[in-house]
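Notes to accompany the following structure.
Chains as they are written, first to last, in my numbering: chain A, 786 to 994; chain B, 786 to 994.
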């Protein structure tokens, strides 16, 4: 349910929240709704390499707990811990995505054919390193939108970058050759407000040419 | 100047725009204002590793032109091409950031001391590969917010990931050992509307645990 649609408030009021109200759960339907909005983010050749592994059960949270260092409070109290992965074989969805665009009238068949025939082979031949870079960027874009969308629904988030990346695949049962972990987002109803944080001025970090 | 503050419209109406109105320039003051809002994004230990190299002059755009492959139309017509870089030596701003937080009442001195004394050495000792990963993620978060903020101001963007990364440092005169290019954002007043694009359903890309 929409809590606020005020963009400035959503953007400037976002804080990292570490203590959530344990009583407040978020339904799978609502989580999917938020994810669907978040993935309006752009991605390289629209390959949408973001994948969401949403940890809500007690059992899965227990497996995650030892792998997130000093972030256990978020794990214990959040409605969900969302592991955002980048799919190194995202191009396998290429035909499905471009066919979907044609079927919904968003793209002419000949554009689909031309784009897929040039871009798919290019993508399939990228090095693992370069593909990792691309899916990391794209998954981060979706992650940022998710943090904002969550606030629209009245929830808060905490982005977690420090985790035991090597041990995540076994703990959460995903293919480590295919998926790279990018970020974990804790999401829930805030119990304690987050702290506002300082920013360098735009002048200090910008150069005009 | 605020064009709209409707979050849903900003988020769902965003398209990649490739043809801008060449007559519409954006002042440095307004670009800085948009950057300042975009960098409300979170970052790992608040190191804010994003840097903005804003290309607006004809001369600099000419140097950029051969390095952005099939994206020359955006370069030719946009008000600015913003190269977003990740600063691998972002920790050099650590004291300034945390001192700023203390000075503005956002953080007690003892928290500043404790956090800096543990986190700065950790950051300084990260491998180049790991630091690249972190600054790439953080810069992407700011990039996503910039794309949304631009729409608040009535502008549109096009994220460009395909560029000659090896030749950028010379063309735009930055230290290639220190800064990694993450994304180029074309920004300006749209002349042609962008195309809406297809997305996989949230169900297809989400697993619950």
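Every residue gets a Cβ at the ideal spot worked out from N, C-alpha and C, and that includes glycine.
Residue pairing by DSSP places residue 791 (chain A) opposite B:791 in a beta bridge.
Listed in chain order, the positions of the stretch 789–812 of chain A with a beta carbon within less than 8 Å of a beta carbon of chain B are 789, 790, 791, 792, 793, 795, 796, 797, 799 and 801. By the Cβ test, the stretch 975–993 of chain B is in contact with the stretch 817–824 of chain A, since at least three Cβ pairs between them sit closer than 8 Å.
Each of B:915, B:924 and B:913 was checked against the Cα of residue 823 (chain B), and the nearest Cα belongs to B:924. In this model, residue 892 (chain A) and residue 953 (chain B) are separated by some 33 Å (Cα to Cα). Counting only residues of its own chain and dropping the five nearest sequence neighbours on each side, residue 807 (chain B) has a CB closer than 7 Å to the CB of 862. Put simply, of B:913, B:946, B:868 and B:789 the residue whose alpha carbon is nearest the alpha carbon of residue 835 (chain B) is B:868. At a Cβ-Cβ threshold of 8 Å, residue 922 (chain A) and residue 945 (chain A) do not count as neighbours. Looking at the backbone, the Cα of residue 972 (chain B) and that of residue 858 (chain B) are separated by about 12 Å. Of all residues in the stretch 963–986 of chain B, only 967, 968, 980, 981, 982, 983, 984, 985 and 986 come within less than 8 Å of chain A when Cβ atoms are compared, listed by chain position. Counting every other CB atom within 10 Å of its CB across the protein chains shown gives residue 803 (chain B) a total of 16 or more, marking it as buried. A Cβ-Cβ distance of about 5 Å is found for the pair residue 979 (chain B) and residue 801 (chain B), placing them in contact under the 8 Å criterion. For chain B, the residues of the stretch 862–880 of chain A that bring a beta carbon within less than 8 Å of one of its beta carbons are 878, in chain order.
Chain A has a Cβ within less than 8 Å of the Cβ of residue 827 (chain B). Taking a 10 Å sphere around the C-beta of residue 964 (chain A), we find 16 or more other C-beta atoms and assign the residue as buried. Taking 8 Å as the CB threshold, residue 910 (chain B) stays off the interface with chain A.
By the neighbour-count definition (other C-beta atoms within 10 Å, threshold 16), residue 994 (chain B) is a buried residue. Cβ proximity to chain A below 8 Å picks out 816, 817, 818, 820, 821, 822, 824, 825, 826, 827, 829, 831, 833, 835, 836, 837, 838 and 839 from the stretch 814–839 of chain B.
Chain order gives the chain B residues near residue 944 (chain A) as 827, where near means a beta carbon separation below 7 Å. Contact between the stretch 870–878 of chain B and the stretch 841–859 of chain B is not established, with fewer than three Cβ pairs separated by less than 8 Å. Judged by DSSP secondary structure, residue 887 (chain B) falls within the alpha helix (DSSP H) whose first and last residues are 879–888. In the displayed model, residue 826 (chain A) falls within coil according to three-state DSSP, outside both helix and strand. DSSP places residue 834 (chain B) outside both helix and strand once states are collapsed to three, so it counts as coil. Nearest CB-CB separation between residue 939 (chain B) and chain A: not below the 8 Å threshold.
According to DSSP, residue pairing for residue 796 (chain A) in a beta bridge does not occur.
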